[in-house]
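J.: Residue numbers (the working numbering), protein chains in the order written: chain A, 1 to 271; chain B, 1001 to 1271. Ideal Cβ placement from N, Cα and C applies to all residues, glycine included. Nothing here was measured: the structure is a model prediction, and the numbers come from that model.
There are 2 protein chains.
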Amino acid sequence: MNQQITNLMTSAATSSAQIIKNNFRKTDDFKNKSSHIDIVTPTDVLSQQNIRKVLVEGMVSLGYAETDIGFVEEESKVDVLKKYNFIVDPLDGTSNFSSGIPYCCVSIGFAVDQVLVAGVVADPFLDTVYCGVLGEGSFVKKAGEEKRQLLLSNKSMSSWMVSAHYNGLDKVHDQFSCYERIYPSVRGLRNLGSLTLDLCLLADNVFDVVLNKGCYFWDLAAASVILKEAGGQLFDYNGAPLAFDWNDSKKKYLVVGCRPDAVSDVLSFTN
Amino acid sequence: MNQQITNLMTSAATSSAQIIKNNFRKTDDFKNKSSHIDIVTPTDVLSQQNIRKVLVEGMVSLGYAETDIGFVEEESKVDVLKKYNFIVDPLDGTSNFSSGIPYCCVSIGFAVDQVLVAGVVADPFLDTVYCGVLGEGSFVKKAGEEKRQLLLSNKSMSSWMVSAHYNGLDKVHDQFSCYERIYPSVRGLRNLGSLTLDLCLLADNVFDVVLNKGCYFWDLAAASVILKEAGGQLFDYNGAPLAFDWNDSKKKYLVVGCRPDAVSDVLSFTN
C-alpha cells in the first residue's frame, strides 16, 4: 500500500474533522432525508466537498489519472466505480452533531479493484485518527500522544461493553428485545450515536461488541479495515463474515462487530 | 452565595478532572461493588481524596470552622450532616472510565442548612466546567471559549434527543419497554453512560429529556442546581418535583429531567 495515499486520506479526514469542529453548535440548520431521524446538515456537504477536493487533487499530483478515481459517498446520488475508489462518510453521527453531542467522525475507505485496502477515521473532538492498512496493521494517533498499534484482547463477557444501536422503525422491537436479553450478562450497553467511531473503539478494546441493523457501505468501509487489522471482524447475523455488494452501494447492512471467537456467544443473544 | 466557595468547588472539580484524565486507560484495575455492573476504581478514590482535601483546606482558609463542614460522598460509608455540606461524586461514569469511553465527570454540590445552593460539574475530556448557583443562573465554560449562560429552549418532540439509561436488573424490562414506545416519536435515544453529564447537556439544550431509574443523591445534587437555573427540573415518575431525602443519603431515585412544560408528554410514554 502506497503510504502517500494513506497520508492523503489522513489529510482529507483531519481537514474535514476541523470543518466539523468549527461548525459544531454554530447552526441548527438541517434537512430531513427519509424521516425525522435521518437528517443532513450543510456541514456534511462541506466536509464531503473538502474530502473530494483533497483526494482528487492529491491523487492527481501523485500521478494517478483522474478518470481512474471514483467515489462512493453518503451524500451523492450516483456512484461510478473506477479502478481506485474512495468510500466516504463525511460526517458519521449527523444526529449527534446537530444535537450538540460531540461524538462523530469522518470516515474514508480506499479500495483498489474493489478490494478494500485502507481505512482512515478521524474524531474531531478528541483529535484522534484511526488508520488501518490491509496486511500492515491498525494504529491510533491522538494529538500529543505516540502512535499506538491496535490489537484486540480477550475479555470475559461480564466485562463486555456493548455498542447497542437502534435502527429505523421496522427493526426496533427486535433490537430492544435483543438488548434486554444481553443486558444482564455484560458490564454495560451504550448507544453513543456513531457506528463508525464505535467500530474504531471496538478495534481499540473499548467496546467488545457492536450491534447495528441499518447501516451502509460508507459507515463500514474504513472501519472494517481498521477492525480486521486489529484482529476483529464484521459479521452478518448468521455469523458469516460480512461481504460488501459493490454493485449496490445503497444496500442496507445488518452487522455484528466483535472478535471472531466471540461471535457465537453474541449470536446466542441476537437470534 | 459566596463566589469564593464556587471558585473552590471549581478548583476541586477541575483538579480531580485532571486526575481522571491522567489515569484514563492507564490501568484496568477495578473492584466490583454490588455486582459486575457496579464498580469502583482507584481513580474514584484518588479523585474523592483530592476533592475533600481541596474543599476542607479551602473552606478553613476562608474562615469556616472545619466542624461545620460535612460530606455526602459516593465512596464513603458514613455521612455526617453539618451546616455546610458538599455532595460529591468523584467520578460519575466509572464504567465508561474503566472501559475507555471518554465520557464521565466530577460532580460537587453545595448545601447550606440542607438547601442546595450551588453545583459544579467538570468534564475531564472536553475541558468543560458547568456551574449553577441558586438564583444566579447556570453557566458553561469550555477551555479556550467564553463563559456562556445556560437557558433551555423549546423544541418539538420530533427533534428531541433523549438520554435513556438502563439501571439494574429489576427495572430493565420497564426501561426497555418505555424506550421502545418513545423511540418512534423523537430524533434519537442515547445512552452515553454518565447521568450527571447528561443532565448538564440537558441544561445546555443538547438532550431534551433524561430518564433514569436508579441513581443517588450524589449523581443529582450538583446537576439539579445547574438544570434548575437553566429553566429545567428533575421530576419523579408521577410528575412531582424530585425531593431529596437528607436523612437517607443512600436512597435510590427514579428521575425524569426535562423542561417543566414537557413533563406530561414525557410521562405519557413512561407510565
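At which residues does the alpha helix (DSSP H) containing methionine 1059 of chain B begin and terminate?
T.: On the second sequence, position 59 is the one that residue 1059 of chain B refers to. Here the alpha helix (DSSP H) through methionine 1059 of chain B covers 1042 to 1061.
J.: Helix, strand or coil: how does DSSP classify cysteine 200 of chain A here?
T.: Counting from 1 along the first sequence, the entry for residue 200 of chain A is found at position 200. Note: cysteine 200 of chain A maps to helix in three-state DSSP.
J.: List, in order along the chain, the chain A residues whose C-beta lies closer than 8 Å to that of phenylalanine 1125 of chain B?
T.: Taking the first residue of the second sequence as position 1, residue 1125 of chain B is located at position 125. Result: Leu126.
J.: For leucine 1234 of chain B, which residues does DSSP report across the bridge?
T.: On the second sequence, residue 1234 of chain B is found 234 positions in, with the first residue counted as 1. According to DSSP, leucine 1234 of chain B bridges with B:Gly1257.
J.: Could you tell me the alpha carbon to alpha carbon distance between aspartate 44 of chain A and valine 1112 of chain B, rounded to whole angstroms?
T.: Reading the first sequence from its first residue, position 44 is the one you call residue 44 of chain A. Reading the second sequence from its first residue, position 112 is the one you call residue 1112 of chain B. Taking the straight line from one Cα to the other gives about 48 Å.
J.: Would valine 1133 of chain B and alanine 1013 of chain B qualify as a contact pair, given that the criterion is a beta-carbon distance under 8 Å?
T.: Along the second sequence, one-based indexing puts residue 1133 of chain B at 133. Along the second sequence, one-based indexing puts residue 1013 of chain B at 13. No, the pair does not count as a contact, with Cβ atoms beyond the cut-off.
J.: Buried or exposed for histidine 1165 of chain B, going by 16 or more other Cβ atoms inside 10 Å?
T.: The residue labelled residue 1165 of chain B in the question sits at position 165 within the second sequence. It counts as buried.
J.: Would you list the one or two residues that DSSP bridges to glutamine 1149 of chain B?
T.: As a working note, residue 1149 of chain B is residue 149 in the second sequence. Glutamine 1149 of chain B pairs with B:Phe1139.
J.: Are the Cβ atoms of lysine 213 of chain A and lysine 171 of chain A separated by less than 8 Å?
T.: Taking the first residue of the first sequence as 1, we reach residue 213 of chain A at position 213. Taking the first residue of the first sequence as 1, we reach residue 171 of chain A at position 171. Yes, Cβ-Cβ distance for lysine 213 of chain A and lysine 171 of chain A is below 8 Å.
J.: Measuring only the C-alpha atoms, how far is glycine 58 of chain A from serine 15 of chain A?
T.: By 1-based counting over the first sequence, the position of residue 58 of chain A is 58. By 1-based counting over the first sequence, the position of residue 15 of chain A is 15. Between glycine 58 of chain A and serine 15 of chain A, the C-alpha separation is close to 14 Å.
J.: Taking all protein chains shown into account, decide if glycine 135 of chain A is buried (16 or more other Cβ within 10 angstroms of its Cβ) or exposed.
T.: If you number the first sequence from 1, residue 135 of chain A lands on position 135. Classification of glycine 135 of chain A: exposed, given that the 10 Å Cβ count is below 16.
J.: Cβ closer than 8 Å: which chain A residues qualify as neighbours of phenylalanine 1139 of chain B?
T.: Here residue 1139 of chain B refers to the residue found at position 139 when the second sequence is read from its first residue. Residues of chain A passing the Cβ test: none, with the nearest at roughly 16 Å.
J.: So, does the segment 242 to 256 of chain A touch the segment 198 to 211 of chain A, judging by three or more C-beta pairs under 8 Å?
T.: Touching, yes, given that three or more Cβ pairs across the two stretches are closer than 8 Å.
J.: Applying the criterion that 16 or more other CB atoms from any shown protein chain within 10 Å of the CB defines a buried residue, is glutamate 145 of chain A buried or exposed?
T.: Within the first sequence, numbered from 1, the residue matching residue 145 of chain A stands at position 145. So glutamate 145 of chain A ends up on the exposed side.
J.: Could you name the residues of the same chain whose beta carbon sits closer than 7 Å to that of phenylalanine 269 of chain A, not counting the 5 residues immediately before and after it, in chain order?
T.: Taking the first residue of the first sequence as 1, we reach residue 269 of chain A at position 269. Counting only Cβ-Cβ distances below 7 Å, and skipping sequence neighbours, we find Cys178, Arg181, Ile182.
J.: Does the segment 103 to 112 of chain A come within contact of the segment 189 to 197 of chain A, defined as at least 3 CB pairs closer than 8 Å?
T.: Touching, per the Cβ criterion.
J.: Below 7 Å between beta carbons is the criterion; list the residues of the segment 1171 to 1199 of chain B that meet it against any residue of chain A, in chain order.
T.: The residues in question are Val1172, His1173, Phe1176, Tyr1179, Glu1180, Tyr1183, Pro1184, Arg1187, Gly1188, Leu1189, Arg1190, Asn1191, Leu1192, Gly1193.
J.: Kindly identify the DSSP beta-bridge partner or partners of isoleucine 69 of chain A.
T.: The residue labelled residue 69 of chain A in the question sits at position 69 within the first sequence. The partner list for isoleucine 69 of chain A (beta bridge, DSSP) reads A:Tyr84.
J.: With asparagine 23 of chain A as the anchor, note down where its alpha helix (DSSP H) starts and where it stops.
T.: Along the first sequence, one-based indexing puts residue 23 of chain A at 23. 3 to 23 is the span of the alpha helix (DSSP H), which, as asked, contains asparagine 23 of chain A.
J.: Identify the continuous alpha helix (DSSP H) that holds valine 1112 of chain B and give its terminal residues.
T.: As a first step, residue 1112 of chain B is located in the second sequence; it is residue number 112 there, counting from the start. Where valine 1112 of chain B is concerned, there is no enclosing alpha helix (DSSP H), although the beta strand (DSSP E) it sits in stretches over 1105 to 1112.
J.: Looking at the unbroken alpha helix (DSSP H) that takes in leucine 116 of chain A, where does it start and where does it end?
T.: Position 116 of the first sequence, counting from 1, holds the residue named residue 116 of chain A. Taken as a continuous stretch (DSSP letters only), leucine 116 of chain A belongs to no alpha helix (DSSP H), being part of the beta strand (DSSP E) at 115 to 123.
J.: Would you give the residue range spanned by the alpha helix (DSSP H) that arginine 187 of chain A belongs to?
T.: Residue mapping note: residue 187 of chain A aligns to position 187 of the first sequence, counting from 1. Where arginine 187 of chain A is concerned, there is no enclosing alpha helix (DSSP H), given that its DSSP letter is neither H nor E.
J.: If you draw a straight line from the alpha carbon of phenylalanine 125 of chain A to that of alanine 1065 of chain B, how long is it in whole angstroms?
T.: In the first sequence, the residue the question calls residue 125 of chain A occupies position 125. In the second sequence, the residue the question calls residue 1065 of chain B occupies position 65. Approximately 43 Å, taken between the alpha carbons.
J.: When DSSP labels each residue in this structure, what does serine 1163 of chain B get in the three-state scheme?
T.: Working through the second sequence from its first residue, we reach residue 1163 of chain B at position 163. Looking at serine 1163 of chain B - three-state DSSP - the assignment turns out to be strand.
J.: Report the residue from B:Leu1116, B:Lys1141, B:Val1117 whose alpha carbon sits nearest the alpha carbon of threonine 1128 of chain B.
T.: Counting from 1 along the second sequence, the entry for residue 1128 of chain B is found at position 128. Cα-wise, what sits closest to threonine 1128 of chain B is B:Lys1141.
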